[in-house]
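Residue numbers (the working numbering): 41 to 150. Before any comments, here is the structure.
Shown next, in the form of structure tokens:
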């Protein structure tokens with residue numbers, strides 16, 4: 041037996057999960073939301089849709105963008121976004137460990 045555990049969090053709706061975390065981490069890595077969503081093979085509109093949905097639900101900015109110019113534009117994950125990623129990953133890790141134990145307890149004979 042196997043299981044799949046999907047974890048999403050939010051204030052009013054589950055708007056922040058694995059996909060948003062991956063997108064934000066890649067944005068932070070590249071300094072570019074465009075490079076992040078392209079690496080994930082995601083459209084520009086989908087990337088912005090999930091980020092805006094999470095930001096609206098959470099009530100704060102996760103990604104800050106700057107326009108081009110002499111030094112070019114870019115995107116970066118805000119301090120609040122980085123803190124939320126850390127908390128989410130810690131919560132995910134603890135929930136995974138708990139889920140494994142409970143799964144083994146309940147399905148030990150399967």
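Every residue gets a Cβ at the ideal spot worked out from N, C-alpha and C, and that includes glycine. Everything numeric in this text was worked out from a predicted model, so none of it was measured.
Residue 93 holds the alpha-carbon nearest to the alpha-carbon of residue 53 among 42, 72 and 93. Your pair residue 59 and residue 91 does not check out as a contact, with CB atoms roughly 10 Å apart and the cut at 8 Å.
When the alpha-carbon of residue 81 is set against those of 126, 66 and 95, the nearest one is in 66. In this chain, residue 72 is not harboured by any alpha helix (DSSP H), its DSSP state being neither H nor E. For residue 113, no pairing in a beta bridge is given by DSSP. With contacts defined by Cβ atoms closer than 7 Å, residue 50 and residue 97 form a contacting pair. In the structure shown, residue 99 adopts coil according to DSSP, grouped into three states.
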